[in-house]
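Protein chains in written order, with this note's numbering: chain A, 67 to 179; chain B, 213 to 329.
Working notes, beginning with the structure itself.
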Amino acid sequence: GNSVTQMEGPVTLSEEAFLTINCTYTATGYPSLFWYVQYPGEGLQLLLKATKADDKGSNKGFEATYRKETTSFHLEKGSVQVSDSAVYFCALSPNNAGNMLTFGGGTRLMVKP
Amino acid sequence: GAVVSQHPSRVICKSGTSVKIECRSLDFQATTMFWYRQFPKKSLMLMATSNEGSKATYEQGVEKDKFLINHASLTLSTLTVTSAHPEDSSFYICSARVGGAYNSPLHFGNGTRLTVT
Chain A
67 GNSVTQMEGP VTLSEEAFLT INCTYTATGY PSLFWYVQYP GEGLQLLLKA
117 TKADDKGSNK GFEATYRKET TSFHLEKGSV QVSDSAVYFC ALSPNNAGNM
167 LTFGGGTRLM VKP
Chain B
213 GAVVSQHPSR VICKSGTSVK IECRSLDFQA TTMFWYRQFP KKSLMLMATS
263 NEGSKATYEQ GVEKDKFLIN HASLTLSTLT VTSAHPEDSS FYICSARVGG
313 AYNSPLHFGN GTRLTVT
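As structure tokens, then:
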């Protein structure tokens with residue numbers, strides 16, 4: 067079946083540090099890939115997405131590239147801010163599964179000033 | 213942008229009582245909504261797919277008689293936790309898709325923190 071694996075957190079960084087959160091997936095076909103962010107006490111918000119191999123999703127300084135050869139979709143940001151502290155979820159939507167989303171376990175990011 | 217409103221945001225109830233959670237799409241119609249449950253320090257677990265005008269589709273292991281889902285209109289789905297017990301305490305989140313493409317992102321409500329005492 068489909069699955070998403072994320073690095074376990076928490077990830078603790080100082081402000082302006084470089085961020086990488088690893089995400090790898092297992093799926094049949096050609097899934098679409100997403101990163102969602104959950105701020106404390108809130109629901110998930112879509113951060114970025116990529117729908118085919120080599121696509122790069124980007125938003126708010128975050129980037130992730132769909133790497134089919136390594137089945138990865140790592141999240142990166144060049145300079146994190148305290149306001150980026152949240153839980154980040156990698157997810158995939160299978161090609162033939164309609165509205166289904168499979169989530170990774172989430173990675174908590176803590177940015178210290 | 214598309215907004216999904218979930219109510220209440222927090223609820224505390226006594227063991228044995230029932231709790232209803234509402235999920236509304238405010239500026240779009242959603243023929244399908246999804247209900248998730250989030251356990252502490254774990255990912256979201258899809259509980260069921262709510263279909264307007266028909267029965268919900270439950271994931272394996274989710275008790276349909278305990279988690280009643282009703283999707284009576286194109287903008288409202290409700291989840292009722294019946295005869296709640298402390299182990300039902302969790303964070304429940306609904307979502308809805310805008311557009312019909314399989315790769316269209318979901319829009320999520322802010323979640324409901326249920327505490328059963």
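The beta carbon of each residue, even a glycine, is placed where N, CA and C say it ideally should be.
Are the C-beta atoms of residue i and some chain A residue less than 8 Å apart?
i      : result
B:Q218 : yes
B:F240 : no
B:L331 : Not covered by the structure: residue 331 of chain B. The range shown for chain B is 213 to 329.
B:I233 : no
B:L256 : yes
B:I281 : no
B:I305 : yes
B:G265 : no
B:G323 : yes
What does a CB cutoff of less than 8 Å around residue i pick up in its chain, not counting 5 residues either side in sequence?
i      : result
B:Y248 : L256, M257, L258, M259, Y304, I305, C306 and S307
A:K122 : A116, E129, A130, T131 and Y132
B:S227 : A296, H297, P298, V328 and T329
Leaving out five residues on either side along the sequence, give the residues of the same chain with a beta carbon under 6 Å from the beta carbon of residue i.
i      : result
A:T78  : M176
B:E264 : T243, H283 and L286
Can you name, in chain order, every residue of its own chain whose Cβ lies under 7 Å from the Cβ of residue i, other than the five neighbours on each side?
i      : result
B:E271 : L258, M259 and A260
B:Q241 : L286 and T287
Does any residue of chain B bring its CB to less than 8 Å from the CB of residue i?
i      : result
A:L175 : no
A:E142 : no
A:F155 : yes
A:F139 : no
Does residue i pass the burial test, meaning 16 or more other C-beta atoms within 10 Å, or should it be called exposed?
i      : result
A:N125 : exposed
A:T86  : exposed
>> Within 8 Å, do at least three Cβ pairs link the segment 116-132 of chain A to the segment 80-100 of chain A?
In response: As far as the Cβ criterion goes, the segment 80-100 of chain A touches the segment 116-132 of chain A, which means the pair count is three or higher.
>> When you compare the segment 84-93 of chain A with the segment 134-144 of chain A, are there three or more beta-carbon pairs, one atom per stretch, that lie closer than 8 Å?
In response: Verdict: yes, contact present.
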